[in-house]
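S.K.: Starting off with a structure, shown below.
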Amino acid sequence: MTITMFGIKQCDTVRKARTWLDTQGVAHAFHDFKTAGIDAGHLMDWIDRAGLDAVLNRASTTFRKLPEGDRADLDTDKAVALMIAQPSTIKRPVLDTGATLLFGFKPERYEAAGLGNN
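Structure (structure tokens):
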């Protein structure tokens, strides 16, 4: 199983999730979308699999600081363009196992997905 974690290296939640995976012996690749970017294909795949509300972090400081016009009437295309331009508006971490897509970090959700030393 190929596992990729997407996130921002400096994010505390991402650090906790990476540490948990490491201590559980779960091999994974890490993609820092703050430095390496993220493409529309990944975002559309995530939205198709989990829904826009699972992907877009409307509670983030970055999102809340956007002008009202940028936050209003977000359809999928506008939201994808926003997340590409402002990757901090993506919920994180995003863990993609191929079969499972998880947003955020809760050890019990990772375990329920078959990760770790259950």
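Heads up: the sequence shown begins at -15 in our numbering, then just goes up one per residue. The C-beta atom is built at its ideal place from N, Cα and C for all residues, glycine as well.
(1) Who are Asp80's beta bridge partners in DSSP?
(2) Given Ala38, which residues of its chain have a CB within under 6 angstroms of its CB, disregarding the five upstream and five downstream residues?
(3) Kindly indicate which three-state DSSP category Ala13 falls into: helix, strand or coil?
(4) Between which two residues does the alpha helix (DSSP H) carrying Leu66 extend?
(5) If you draw a straight line from the alpha carbon of Asp32 to that of Glu52, how long is it in whole angstroms?
(6) Is the stretch -5 to 13 touching the stretch 75 to 94, taking contact as three or more C-beta pairs under 8 angstroms?
(7) Might you give, ordered along the chain, the residues of its own chain that have their beta carbon closer than 7 angstroms to the beta carbon of Val10, omitting 5 neighbours on each side?
(8) Please report how far the alpha carbon of Gly105 lies from the alpha carbon of Leu36, in whole angstroms.
M.R.: In brief:
(1) Locating residue 80 in the sequence shown gives position 96, where the first residue counts as 1. The secondary-structure analysis by DSSP pairs Asp80 across a beta bridge with Thr(-12) and Leu85.
(2) Along the sequence shown, one-based indexing puts residue 38 at 54. For Ala38, where only same-chain residues beyond five positions count, the Cβ hits under 6 angstroms are Phe87.
(3) Against the sequence shown, residue 13 aligns to sequence position 29. Residue state, collapsed to three classes: strand.
(4) Position 82 of the sequence shown holds residue 66. Element bounds for Leu66: Thr60 to Ala69.
(5) Along the sequence shown, one-based indexing puts residue 32 at 48. Along the sequence shown, one-based indexing puts residue 52 at 68. Between Asp32 and Glu52, the C-alpha separation is close to 26 angstroms.
(6) When C-beta atoms of the stretch -5 to 13 are compared with those of the stretch 75 to 94, three or more pairs fall below 8 angstroms, so the two segments count as touching.
(7) The sequence position of residue 10 within the sequence shown is 26, counting from 1. Counting only Cβ-Cβ distances below 7 angstroms, and skipping sequence neighbours, we find Ile(-13), Leu99 and Gly100.
(8) A query on residue 105 cannot be resolved here, the shown segment of the chain reaching from -15 to 102 and no further.
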